[in-house]
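With the first letter of the sequence shown counted as 1, position 8 gets the number -10 in this note's numbering; the numbers rise by one all the way through.
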Amino acid sequence: MKTRNWIWVWILIFLLSCPFEESFSQDPGIPDTVRFGEWSTYLPGPPSQGKAIVPLIVFNDYPLCFLQIVLKYIGPIECDTAYFAQGRPDVCYSKDVYVDTTVSVDGIDGLIVFSAIALPRNGMPSGVGEIGRIHFHVQDTGSVELDTTCWGPICSSFMDTAAYTYVPKVVDSDHYIVPSVPGDVNQSGEVNSADVVFLIDYLFKQGPPPDFLELADVNKDCIVNSADVVYLMNYLFKGGPCPKPGCAS
Ligand SMILES: [Ca+2]
Ligand SMILES: [Ca+2]
Ligand SMILES: [Ca+2]
-17 MKTRNWIWVW ILIFLLSCPF EESFSQDPGI PDTVRFGEWS TYLPGPPSQG
33 KAIVPLIVFN DYPLCFLQIV LKYIGPIECD TAYFAQGRPD VCYSKDVYVD
83 TTVSVDGIDG LIVFSAIALP RNGMPSGVGE IGRIHFHVQD TGSVELDTTC
133 WGPICSSFMD TAAYTYVPKV VDSDHYIVPS VPGDVNQSGE VNSADVVFLI
183 DYLFKQGPPP DFLELADVNK DCIVNSADVV YLMNYLFKGG PCPKPGCAS
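Here it is, written out as structure tokens:
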């Protein structure tokens, strides 16, 4: 073989041995992730129907011009609504970045698609946080699974401001739905003095509202107020009647 041919062979071997981290389809920097926050569920007990709220959390280390997240759910749940929450896309909006967002739900196949396009090209800032929420109807107790998938040719993908398009890592969510305990205002799984504190903070100290007001309406008059605090304290400390499945919402 001529010397010039050997040079080409060595160039080829060198190129093949190079890492391809910077190639077009690779996620630049730290891997971007999509994951789900803690499930908040309310199920009075079968056969009555309940509700669940699941936060959608995204980490991206470079600003994004485009994101598309395609999700599939399996289990005794049905998607009621899904939306981009106040937060990261809104942050873009307040910085004069126009964000066009859509969420599609296909209840028959159990599919949800979040899409956001940020214009102009300075994109959605890098960071981590909740970008949306999914609300489900809960039909029964049991295992539910929330994972990524493709909807025909549409799969989850991100594009950064340098026009790198890549697939984010999706951390799936397995959750077991159990009946809710009336009076478990903070959804810790049990009713105790922490629920009284949570309720007092909410009613009188501008604390966060319970995810489900039904759990705080322990006297079942469809309103959450100081009478529920009295009822709950009476149950916990004076042997009063059990909290009831509430009707406030
Ligand atoms: Ca990254
Ligand atoms: Ca509790
Ligand atoms: Ca009440």
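Backbone N, C-alpha and C define an ideal beta-carbon position, used for all residues, glycine too.
Opposing strand residues paired with Val106 [DSSP bridges]: The count along the sequence shown starts at 1 and reaches residue 106 at position 124. Note that residue 106 is Met in the sequence shown, not Val. Looking at the DSSP assignment, Met106 forms a beta bridge with Leu46.
Inter-stretch contact (C-beta, 8 Å, three-pair minimum) for the segment 143 to 159 and the segment 177 to 185: No, the segment 143 to 159 does not touch the segment 177 to 185.
Any non-hydrogen atom of ligand 2 within 8 Å of Asn201 CB: What you label residue 201 is simply residue 219 of the sequence shown in a count that begins at 1. No, Cβ of Asn201 sits at least 8 Å from all heavy atoms of ligand 2.
Inter-residue spacing [alpha-carbon to alpha-carbon] between Glu127 and Leu214: In the sequence shown, residue 127 corresponds to position 145, counting from 1. In the sequence shown, residue 214 corresponds to position 232, counting from 1. Within the model, the alpha-carbon separation for Glu127 versus Leu214 is close to 34 Å.
Under the three-state DSSP convention, the category Glu196 falls into: The residue given as residue 196 occupies position 214 in the sequence shown. In the structure shown, Glu196 sits in a helix (DSSP, three-state: H, G or I).
Closer than 8 Å: Ala198 CB and nearest ligand 2 heavy atom: The residue you call residue 198 lines up with position 216 of the sequence shown. No, the beta carbon of Ala198 sits no closer than 8 Å to any heavy atom of ligand 2.
Inter-stretch contact at 8 Å, needing at least 3 Cβ pairs: the segment 80 to 98 / the segment 52 to 59: yes
Cβ-heavy atom distance, Asp234 to ligand 3, below 8 Å: Since the displayed the chain opens at -17 and closes at 231, residue 234 lies outside it and no answer follows.
Range covered by the alpha helix (DSSP H) that runs through Val178: Along the sequence shown, one-based indexing puts residue 178 at 196. Start and end: Ser175 to Phe186.
Ala248 beta carbon near ligand 3 (any heavy atom closer than 8 Å): Residue 248 lies beyond the residue range present for the chain, which begins at -17 and ends at 231; the question has no answer from this structure.
Supposed contact pair Val87 and Ala64 - C-beta distance, whole angstroms, cut 8 Å: Here the question's residue 64 lines up with position 82 in the sequence shown. Here the question's residue 87 lines up with position 105 in the sequence shown. Going by Cβ atoms, the distance from Ala64 to Val87 rounds to 6 Å, so yes, they are a contact pair.
Whole-angstrom C-beta distance between Gly19 and Val120, which should lie under 8 Å: Mapped onto the sequence shown, residue 120 falls at position 138. Mapped onto the sequence shown, residue 19 falls at position 37. Contact doesn't hold; Cβ gap of about 17 Å is too wide.
Neighbour-count burial assignment, Phe186, 16 or more Cβ in a 10 Å radius: Counting from 1 along the sequence shown, the entry for residue 186 is found at position 204. Classification of Phe186: exposed, given that the 10 Å Cβ count is below 16.
Ligand 3 heavy atom lying under 8 Å from the CB of Asn216: Within the sequence shown, numbered from 1, the residue matching residue 216 stands at position 234. Checking the Cβ of Asn216 against ligand 3 gives no.
Element boundaries [beta strand (DSSP E), containing Asp72]: Within the sequence shown, residue 72 is the residue found at index 90, counting from 1. Segment Arg70 to Ser76 is the alpha helix (DSSP H) holding Asp72; no beta strand (DSSP E) there.
Distance cut-off 8 Å: Ile12 Cβ against heavy atoms of ligand 5: Because ligand 5 does not appear in the structure shown, any question about it cannot be addressed here, the ligands present being ligand 1, ligand 2 and ligand 3.
Per DSSP, cross-strand counterpart(s) of Val95: Your numbering for residue 95 matches position 113 in the sequence shown. Paired residues: Val52 and Ser86.
Contact under 9 Å by Cβ, Ile197 with Gly171: Residue mapping note: residue 197 aligns to position 215 of the sequence shown, counting from 1. Residue mapping note: residue 171 aligns to position 189 of the sequence shown, counting from 1. Going by the sequence as given, residue 197 is Leu instead of Ile. No, the Cβ-Cβ distance between Leu197 and Gly171 is not below 9 Å.
Where Ala209 falls, given that 16 or more other Cβ within 10 Å makes a residue buried: Along the sequence shown, read from residue 1 onward, the residue named residue 209 stands at position 227. Per the 10 Å Cβ criterion, exposed.
Cys137 versus Ile59 - alpha carbon distance: Within the sequence shown, residue 137 is the residue found at index 155, counting from 1. Within the sequence shown, residue 59 is the residue found at index 77, counting from 1. Distance between the alpha carbons of Cys137 and Ile59 is about 22 Å.
Cβ neighbours of Lys226 in the same chain (closer than 7 Å, five flanking residues each side left out): Position 244 of the sequence shown, counted from the first residue, corresponds to residue 226. So the list reads Pro164, Val200, Asn201 and Lys202, once near-sequence residues are dropped.
9 Å Cβ cutoff met for Arg17 and Phe48: Position 35 of the sequence shown holds residue 17. Position 66 of the sequence shown holds residue 48. No, they are not a contact pair.
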